[in-house]
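Enquirer: Sequence lines, in order, name chains A and B. Numbering follows this note's numbering, with no gaps: position 80 of the first sequence is 154. Numbering follows this note's numbering, with no gaps: position 24 of the second sequence is 98. Virtual Cβ for every residue (Gly too), placed ideally from N, Cα, C. The structure displayed is predicted, hence computed values, not measured ones.
There are 2 protein chains.
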Amino acid sequence: MTSAPLPFTLRQLQYALAVAETTSFRKAAERCRVAQPSLSAQIAELERSLGTQLFERDQRRVLVTAAGVELVERARRVLSAAAELEGAARRHADPLSGTLRIGVIPTVAPYLLPDAVVGLRRAFPRLFVAWAEDKTGDLVPKLLSGDLDAALLAQGEMTDALESVVIGEDPFVLAAPPGHVLARGKGTSDLGIEELAGQRVLLLEDGHCLREQALDVCATALAEELGFRATSLPTLVQMIGGADAVTLLPRIAVATESRHAPLRIRAFRDPAPSRTLILAWRKRSPLGAALSQIAETLADAFVTASAPS
Amino acid sequence: MTSAPLPFTLRQLQYALAVAETTSFRKAAERCRVAQPSLSAQIAELERSLGTQLFERDQRRVLVTAAGVELVERARRVLSAAAELEGAARRHADPLSGTLRIGVIPTVAPYLLPDAVVGLRRAFPRLFVAWAEDKTGDLVPKLLSGDLDAALLAQGEMTDALESVVIGEDPFVLAAPPGHVLARGKGTSDLGIEELAGQRVLLLEDGHCLREQALDVCATALAEELGFRATSLPTLVQMIGGADAVTLLPRIAVATESRHAPLRIRAFRDPAPSRTLILAWRKRSPLGAALSQIAETLADAFVTASAPS
DNA sequence: TAAAAATACTCCATAGGTATTTTAT
DNA sequence: ATAAAATACCTATGGAGTATTTTTA
């Protein structure tokens, strides 16, 4: 509860403490930077509302009564808790220090975070980011409920209710096993989407926004999805080799994934299909300004991570 | 120190806590019995002065920010310390409960306290008295310095600066060993002071106010003090037997002391020499009213203790 | 439209100020 | 005479009120 109004103020407690420590109303007023009658009035009001005389005064000196001894000690505790609160507030006053909880989708996290953490540490040394990897469908509710401060995800319907800044445009590329018909083609020349027609394409399982985006591309191209699906991009690239199928990879994943499997990569001709990566947060989040700055650093990291290694 | 003015008030903390617990400004205002705009204004002022947004609000709901979570928790601590202070003050509000430190001179303590503690316990069951036995010369400074709340002693020069109430008039009586010339006399008839002339009188050692008072009587009577002195009244009554001397006892001591030694007691004729027992305290002591009441009970106990058993 | 918080404003209680008095040394 | 606290009185800040607007579901 704690709903009943308290019969005294923090300032009165400060004054009482000052009187107890200086054993003088005049010196206490000096320390508190107020006129002596103002302090006297506050002490009198405090004593009246507590129903107890805290100090015994005559012209020569001020004595702390037995009640005063205990109550001043308690006042000290109240004031020290208040001072701690003030200190904590001062630490929180800079949103670019302390902890930020940021969600990231699985098709971005492993490729962007290595560069992102380095960039953020350099740009905001007093900031600690607690990263949370989850699919868009889980991230957005956590964001809205306040469990997360921001999320790094692909633009889409679900992100409409949020405020966001673009981190970068991540184009899809074709990934095929060596020897696949599309892997040969004209070597390094760019691919037309129509060339996917009739191809067997392997995609991620349900729940990944990347699946929906890739599926859109396939539908346009009249390509055919295989009957089974992969749980992650590393699995996906392993599986296309065995199935003699192709897949669409976000370019940011290419450098990492082609290290683990023999892949032939071909870019699409303009306008190449792509996803838009954004950093999103609640419209009224007080961290908005800070998150905009952070997004800039993430955009830099995205450029680095997307560059061919 | 704690002299810098704090940037927030207890009331603001209460409001913040209410908002955090109800996650609603309207409900919080209800609980705090204020209008919603008043509460909104105080929360806004609190956030402004802390430099941190505590709550993220939109029309639908109120979220507690990360800073808010920590600061509200600290606010809870401040408020609980304040509530404890209020409770302690309530306990102190009745001066006839709690602890009172009262000094007593050694020539009164053992004879009056047995009846006094019983009487006080009955009259003021919630009062606890911490008795301190000491000579007047030590009691008065402790009283003036605030180490004691009151003292039970014999009226004299030292007590002039104090406020006091008479507990009772304690007459001196002659105590003589059986067979002493003054012990025979006319049996139970009262004694004239002049009959002490030439007698060898044993008195207490320096520092006891009783010694000074008895010495005055002896000087008037032209009696002769022995060359050695007793450290306490029990010792005194033991010593007069061996020295074939007499002494003056306060009547309140008679019942107790005559139990331990064979004593002949004779009262003095009016106007009998006596000491005035008082309860004394600092002129401005806030406990004055309570101490006056306590003095009444002590006066009753004095009557009881003085009665021949 | 309904519901919740913010805004606009008015008012008054009170903390704070200065000047002075009281009281004891 | 001095020094300290209390008292008297005035001022102005700010906390509380009512009425209204804004915003989103």
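#1: Since S219/B is in the alpha helix (DSSP H), which residue starts that stretch and which ends it?
#2: By the DSSP assignment, the beta strand (DSSP E) with A94/B in it spans what residues?
#3: Where DSSP assigns a beta bridge to G242/B, which residues make up the other side?
#4: Quick check: the region 326–343 of chain A against the region 108–124 of chain B, are there 3 or more CB pairs under 8 Å?
#5: Taking L276/A as the reference, give the member of S238/A, L322/A, D244/A, Q287/A with the closest Cα.
#6: Quick check on the DSSP output: what are the complete alpha helix (DSSP H) runs of length 4 or more inside the region 286–334 of chain B, in order along the chain?
#7: I think A90/B touches V146/B, with their Cβ atoms under 8 Å apart; what is that distance to the nearest whole Å?
#8: Using CA coordinates, which residue listed in L226/B, R200/B, R196/B, S380/B is at the minimum distance from E207/B?
#9: Based on Cα-Cα distance, which residue from R165/B, E95/B, T126/B, A141/B lies nearest to A393/A?
#10: Using C-beta distances below 6 Å, list every residue in its chain close to R356/A, excluding the 5 sequence neighbours before and after it, in chain order.
#11: Less than 8 Å separating the beta-carbons of C283/A and T350/A?
#12: Any beta-carbon of chain B closer than 8 Å to the one on G362/A?
#13: Go ahead and label P336/A buried or exposed: buried means 16 or more other beta carbons lie within 10 angstroms of its beta carbon, across all protein chains shown.
#14: Could you spell out where the alpha helix (DSSP H) holding E268/B opens and where it closes?
#15: With a CB to CB cut of under 7 Å and the five nearest residues on each side skipped, what residues in its chain are close to E243/B?
#16: Considering only residues of the region 147–208 of chain A, which uninterrupted alpha helix (DSSP H) runs meet the minimum length of 4 residues and lie entirely inside it, listed in chain order?
#17: With distances taken Cα to Cα, identify the nearest neighbour of L279/B among A327/B, D264/B, L310/B.
#18: Would you please verify whether the beta carbon of T126/B is less than 8 Å from any beta carbon of chain A?
#19: When the cut-off is 8 Å and only beta carbons count, does L236/B lie next to chain A?
#20: Can you list, in chain order, the residues of its chain with a C-beta nearer than 6 Å to that of A224/B? Leave out the 5 residues immediately preceding and following it.
#21: Check each candidate in F198/B, P79/B, A149/B, T96/B and name the one with the smallest Cα separation from A103/A.
#22: What residues in the region 137–154 of chain B bring their beta carbon closer than 8 Å to a beta carbon of chain A?
#23: Looking at the unbroken beta strand (DSSP E) that takes in A346/B, where does it start and where does it end?
#24: Considering only C-alpha positions, which residue in the set A115/A, L128/A, T181/A, V136/A is nearest to T305/A?
#25: Establish whether the CB of R356/B and some CB of chain A are separated by less than 8 Å.
#26: Between S114/B and chain A, is there a C-beta pair that is closer than 8 Å?
#27: If you reduce the DSSP assignment to three classes, tell me which class E279/A lands in.
#28: Is it true that the CB of P251/B sits closer than 8 Å to the CB of D189/B?
#29: Rounded to whole angstroms, what's the CA-CA distance from L84/A to E237/A? Just pull it up for me.
#30: If you check the beta carbons only, do V203/B and L174/B fall under 8 Å apart?
#31: T201/B: which of G316/B, A167/B, V143/B, E95/B sits nearest, CA to CA?
#32: Which of the three DSSP states, helix, strand or coil, is assigned to A228/A?
#33: Taking the C-alpha atoms as reference points, what is the distance between A271/B and A295/B?
#34: Taking CB distances under 8 Å as the criterion, tell me whether H166/A reaches chain B.
#35: Starting from A341/B, follow the beta strand (DSSP E) in both directions and report where the run begins and ends.
#36: According to DSSP, A250/A sits in a beta bridge with which residue or residues?
Expert: Concretely, from the data shown:
#1: Here the question's residue 219/B lines up with position 145 in the second sequence. Element bounds for S219/B: 210–219.
#2: On the second sequence, position 20 is the one that residue 94/B refers to. Annotation for A94/B: no beta strand (DSSP E) segment contains it, though the alpha helix (DSSP H) segment containing it runs 84–96.
#3: Locating residue 242/B in the second sequence gives position 168, where the first residue counts as 1. L351/B, per the DSSP bridge assignment.
#4: Fewer than three beta-carbon pairs drawn from the region 326–343 of chain A and the region 108–124 of chain B are found closer than 8 Å, and the two stretches are therefore not classed as touching.
#5: Taking the first residue of the first sequence as 1, we reach residue 276/A at position 202. Measuring from the Cα of L276/A, the nearest candidate turns out to be L322/A.
#6: DSSP runs (the alpha helix (DSSP H)) wholly in the region 286–334 of chain B: 307–317, 325–334.
#7: Against the second sequence, residue 90/B aligns to sequence position 16. Against the second sequence, residue 146/B aligns to sequence position 72. With 8 Å as the limit, A90/B and V146/B qualify as a contact, their Cβ atoms being about 6 Å apart.
#8: The count along the second sequence starts at 1 and reaches residue 207/B at position 133. Taking E207/B as reference, the option from L226/B, R200/B, R196/B, S380/B with the minimal CA-CA separation is L226/B.
#9: Since the first residue of chain A shown is 75 and the last is 383, residue 393/A is not available in this structure.
#10: For the purposes of this step, residue 356/A is identified with residue 282 of the first sequence, where counting begins at 1. Within the same chain, R356/A has no close Cβ partners at all.
#11: The residue you call residue 283/A lines up with position 209 of the first sequence. The residue you call residue 350/A lines up with position 276 of the first sequence. Annotated as distal: C283/A and T350/A, with beta-carbon spacing of 8 Å or more.
#12: Walking along the first sequence from the start, residue 362/A turns up at place 288. G362/A does not count as touching chain B.
#13: Position 262 of the first sequence holds residue 336/A. When all chains shown are included, P336/A counts as exposed.
#14: Translated into the one-based positions of the second sequence, residue 268/B becomes position 194. In this chain, E268/B is not harboured by any alpha helix (DSSP H), its DSSP state being neither H nor E.
#15: Mapped onto the second sequence, residue 243/B falls at position 169. If we look at E243/B and ignore the five residues flanking it on each side, its Cβ neighbours are S348, T350.
#16: Fully enclosed alpha helix (DSSP H) runs of 4 or longer: 183–197.
#17: Numbered from 1 along the second sequence, position 205 holds the residue referred to as residue 279/B. As written in the sequence, residue 279/B is Glu, which differs from the Leu given in the question. Ranking the options by Cα distance to E279/B, first place goes to L310/B.
#18: Here residue 126/B is taken as the residue at index 52 of the second sequence, counted from 1. Taking 8 Å as the threshold, the shortest C-beta distance from T126/B to chain A falls below it.
#19: Working through the second sequence from its first residue, we reach residue 236/B at position 162. No, because no Cβ of chain A sits closer than 8 Å to the Cβ of L236/B.
#20: For the purposes of this step, residue 224/B is taken as residue 150 along the second sequence, with counting starting at 1. Excluding positions up to five away in sequence, the list reads I176, L353, W355, L365.
#21: Within the first sequence, numbered from 1, the residue matching residue 103/A stands at position 29. Residue P79/B is the option with its Cα nearest to A103/A.
#22: Residues L137, V138, T139, A140, A141, E144, L145, R148, A149, R150, R151, V152, L153, S154.
#23: Numbered from 1 along the second sequence, position 272 holds the residue referred to as residue 346/B. Note, A346/B: premise wrong, no beta strand (DSSP E); not H, not E.
#24: Here residue 305/A is taken as the residue at index 231 of the first sequence, counted from 1. Measuring from the Cα of T305/A, the nearest candidate turns out to be T181/A.
#25: Counting from one through the second sequence, the residue named residue 356/B turns up at place 282. Chain A, which has a Cβ nearer than 8 Å to the Cβ of R356/B, makes this yes.
#26: The residue given as residue 114/B occupies position 40 in the second sequence. It does not: the Cβ of S114/B has no partner Cβ on chain A nearer than 8 Å.
#27: Residue numbering aside, residue 279/A sits at position 205 when the first sequence is read from its first letter. Note: E279/A maps to coil in three-state DSSP.
#28: For this step, residue 189/B is matched to residue 115 along the second sequence. For this step, residue 251/B is matched to residue 177 along the second sequence. Going by C-beta atoms, D189/B is not nearer than 8 Å to P251/B.
#29: In the first sequence, residue 84/A corresponds to position 10, counting from 1. In the first sequence, residue 237/A corresponds to position 163, counting from 1. Just so you know, the alpha carbons of L84/A and E237/A end up roughly 40 Å apart.
#30: Within the second sequence, residue 203/B is the residue found at index 129, counting from 1. Within the second sequence, residue 174/B is the residue found at index 100, counting from 1. With contacts defined as CB atoms closer than 8 Å, V203/B and L174/B qualify as a contacting pair.
#31: On the second sequence, residue 201/B is found 127 positions in, with the first residue counted as 1. The displayed chain sequence assigns Leu, not Thr, to residue 201/B. Nearest of G316/B, A167/B, V143/B, E95/B to L201/B, Cα basis: A167/B.
#32: The sequence position of residue 228/A within the first sequence is 154, counting from 1. Of the three classes helix, strand and coil, the one that applies to A228/A here is strand, per DSSP.
#33: Within the second sequence, numbered from 1, the residue matching residue 271/B stands at position 197. Within the second sequence, numbered from 1, the residue matching residue 295/B stands at position 221. Approximately 5 Å between the Cα atoms of the pair.
#34: Stepping through the first sequence from its first residue, residue 166/A is reached at position 92. H166/A has a beta carbon lying within less than 8 Å of a beta carbon in chain B.
#35: Counted from its first residue, the second sequence places residue 341/B at position 267. First-last of the beta strand (DSSP E) with A341/B: 338–341.
#36: Position 176 of the first sequence, counted from the start, is the residue given in the question as residue 250/A. Partner(s): R338/A.
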